[in-house]
Amino acid sequence: MTVRVRFSPAPTGFLHVGSARSALFNWLYARKTSGTFILRIEDTDVDRSRPELIENIRDSLRWLGLDWDEEYRQSERFDHYLAVVEGFLERGQAYYCDCSQDQVRARVGENAGYDSHCRDRNVSKPADGDGRVVVRFRTPHEGVTGWDDLIRGRVEFENSVIEDFVIVRSNGVPMFHLANAYDDFDMGITHVIRGEDLVNTVPRVLLLLDALGAIEPPHYAHLPLIVNEQRKKLSKRRDDVSVSDYTDRGYLPEAMRNYLVTLGWGAKDDIEIRPIDEIIERFDLADINRAPAFFDIRKLDHFNGEYIRMLDLEAFIDESRPFAGPVDDKLYRRLAPFVQERVRRYDEIPALIAWVVGEPPEPDEKDWRKVMGRDDVPKVLDLVLERLVTVAWEPEALADTVLGAGEALGTKSQLPVRMAVTGRRSGLPLFEPMAELDRSIVLERIRKARGRLD
RNA sequence: GCCCCCAUCGUUCAGCGGCCUAGGACGCCUGCCUUUCACGCAGGUAACACGGGUUCAAAUCCCGUUGGGGGUGCCA
């Protein structure tokens, strides 16, 4: 039996990292088993779905390197779902219901579900455009519905807690459970891999699948949720975690993908950062964790830094150039080797090279005092200033001059000069970038700093 | 309220009855390297939620407690 899995996002927002991780695990499993990975857009909710977001989802998936083999949109398959409903209605597996939500609440209170009020009332088929009548699925009130989850083990629900749920809205549009069950059946899905937030929809789908005549439902594997610091499910509003945010900030897709894999799964040999082929080879659904995992940006940053440093210089230059800002290409090429070792994200680059490209930033007060507060700094700057006027303008000579001035005075000179020229106490190596600046500019910056000391 | 799930260092993963005086990674701290920072290297810090069982033996199995989370829509 060949594996068929699907990633089925609803296009109601940008693709976020939780969904991306679900997509990734589906993809990993498909690639590991030489199976088929399907992208199925679940856009049955015509009011909430934003067709333009489908492109964002596809782009994000492609960015992560998750290629799919087949693609479907549920909005194009409504006639299938509705035909199924006709059959249910004929066989008495579903029925029309004209209860308003207020009426139901009035009967059962706040905390109960639907009370099966219309089960045997024979509400007739609504006239076109009626807009009040829904179709509900007749669920058994006794027994249990359960499955052996590949990650969580046996999960069971008492049928008595499964209400007669809606399968067609009053506007005639089919609901998620129905479309989901039908498509999984129709598309021959063998494994359903998705977030834990969907576990309690499984019994309904299982019941539907049975009514559909499915002999064998797919295997289910519910992934632990990805959570924020408050240990709550990552949410679009609270946590701003769409994949596109990360592409914008200069994360490498390979780093993001690799990091996402470590949330809920780990290789037995303890190696976390490794090529995707090795991950595919070692990945297995049965080894996935059950506990929620915190999305730790600091660790993502570390992964990203590792991946940046793995790049060969040319690739680094090409990839990072768009993030570097207004800097001459040739100059950027010369700075790149120093930059590559120091950044964890591409969006850190402009700040790092700012003093070479344009004006140095205003120094931080505390750092300034710490570096420039020493009594010998004025003497050092004076001597450096004097010697810099005539020195050959190339890195080695600059280093000799600046460092030599310090030695001549029995002190350290690199930090004060760095602070004067770059406005920071840390950053790129000093002399190579400094040689890129005009002599007059460097002298001017040091004079200005010297002036502040009086 | 009701239903479902979860529980190893601050975080993340390893551990699936003895190899555990619990391991890797991130973070943090220390040292080395060094023109600063970073990189790299070498160390260090820090956890089996609690209580009962089962067993010769439990982080690993069972039950309970506590604590978290998810769901409870004519969203998915």
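Residue numbers for the first sequence follow our numbering, so the first one is 892 and each next one is one higher. For each residue, glycine too, the CB sits at the ideal point set by N, CA and C. Computed from a predicted model, the values in this text were never measured in an experiment.
Exposed unless 16 or more other CB atoms sit within 10 angstroms - verdict on residue i
i, result
"residue 910", "buried"
"residue 1355", "Nothing about residue 1355 can be reported from this structure: the residues present for the chain run from 892 to 1345 only."
"residue 951", "buried"
"residue 1162", "exposed"
"residue 933", "buried"
"residue 1263", "buried"
"residue 1141", "buried"
"residue 914", "buried"
"residue 1080", "buried"
"residue 994", "exposed"
"residue 1180", "exposed"
"residue 1189", "exposed"
"residue 1314", "buried"
"residue 1206", "exposed"
"residue 1227", "buried"
Through-space distance from residue j to residue i, alpha-carbon basis
i, j, result
"residue 942", "residue 936", "11 Å"
"residue 964", "residue 982", "28 Å"
"residue 896", "residue 1145", "22 Å"
"residue 1291", "residue 1319", "18 Å"
"residue 991", "residue 973", "22 Å"
"residue 1026", "residue 927", "33 Å"
"residue 1088", "residue 1115", "9 Å"
"residue 1283", "residue 1289", "7 Å"
"residue 1208", "residue 956", "21 Å"
"residue 1245", "residue 1185", "34 Å"
"residue 998", "residue 1007", "11 Å"
"residue 1311", "residue 1337", "5 Å"
"residue 930", "residue 1148", "18 Å"
"residue 1102", "residue 989", "23 Å"
"residue 1024", "residue 980", "14 Å"
"residue 1063", "residue 1170", "45 Å"
"residue 977", "residue 1108", "22 Å"
"residue 1196", "residue 1293", "32 Å"
"residue 1047", "residue 1053", "12 Å"
"residue 1068", "residue 1099", "8 Å"
"residue 1230", "residue 1243", "8 Å"
"residue 960", "residue 1308", "58 Å"
"residue 1296", "residue 904", "60 Å"
Endpoints, the alpha helix (DSSP H) within which residue i is located
i, result
"residue 1196", "1188-1201"
"residue 1337", "1330-1343"
"residue 948", "943-954"
"residue 1284", "Where residue 1284 is concerned, there is no enclosing alpha helix (DSSP H), given that its DSSP letter is neither H nor E."
"residue 1135", "1134-1139"
"residue 1259", "1256-1263"
"residue 1159", "Note, residue 1159: premise wrong, no alpha helix (DSSP H); not H, not E."
As assigned by DSSP and simplified to three states, the class of residue i
i, result
"residue 1015", "coil"
"residue 1082", "strand"
"residue 1167", "helix"
"residue 1237", "helix"
"residue 1124", "strand"
"residue 1053", "coil"
"residue 1065", "strand"
"residue 963", "strand"
"residue 907", "strand"
"residue 1112", "strand"
"residue 1208", "helix"
"residue 1003", "coil"
"residue 1300", "coil"
"residue 1026", "strand"
"residue 986", "strand"
"residue 924", "coil"
"residue 1044", "strand"
"residue 969", "helix"
"residue 1278", "helix"
"residue 1070", "helix"
"residue 1146", "helix"
"residue 1293", "helix"
Range of the contiguous beta strand (DSSP E) that encloses residue i
i, result
"residue 1040", "1035-1040"
"residue 1174", "It is not in any beta strand (DSSP E) - residue 1174 carries neither H nor E in the DSSP assignment."
"residue 896", "895-898"
Count the C-beta pairs between the segment 1128-1139 and the segment 1148-1164 that are closer than 8 Å, then say yes if the count reaches three, no if not.
Touching, no.
Would the segment 1086-1106 count as touching the segment 1020-1039 if we require 3 or more Cβ pairs under 8 Å?
As far as the Cβ criterion goes, the segment 1086-1106 touches the segment 1020-1039, which means the pair count is three or higher.
Below 8 Å, how does it come out for the segment 1206-1217 and the segment 1235-1243: are there three or more Cβ pairs, yes or no?
Enough Cβ pairs lie closer than 8 Å, so yes.
Are at least three pairs of beta-carbons, each pair with one atom in the segment 1196-1208 and one in the segment 939-953, less than 8 Å apart?
Taking 8 Å as the limit for Cβ pairs, the verdict is that the segment 939-953 does not touch the segment 1196-1208.
For the pair the segment 911-927 and the segment 1050-1064, tell me if three or more CB-CB distances fall below 8 Å.
Remark: fewer than three beta-carbon pairs, one from each stretch, lie closer than 8 Å, so the segment 911-927 and the segment 1050-1064 are not flagged as touching.
Counting pairs of beta carbons, one from the segment 1034-1041 and one from the segment 1009-1020, are three or more of them closer than 8 Å?
With the cut-off at 8 Å, the segment 1034-1041 and the segment 1009-1020 do not touch.
Would you call the segment 1264-1280 and the segment 1312-1326 in contact, with 3 or more CB pairs under 8 Å?
Contact fails: fewer than three Cβ-Cβ distances are below 8 Å.
The segment 997-1009 touching the segment 1114-1128, judged by at least three CB pairs closer than 8 Å:
Touching, no, given that fewer than three Cβ pairs across the two stretches are closer than 8 Å.
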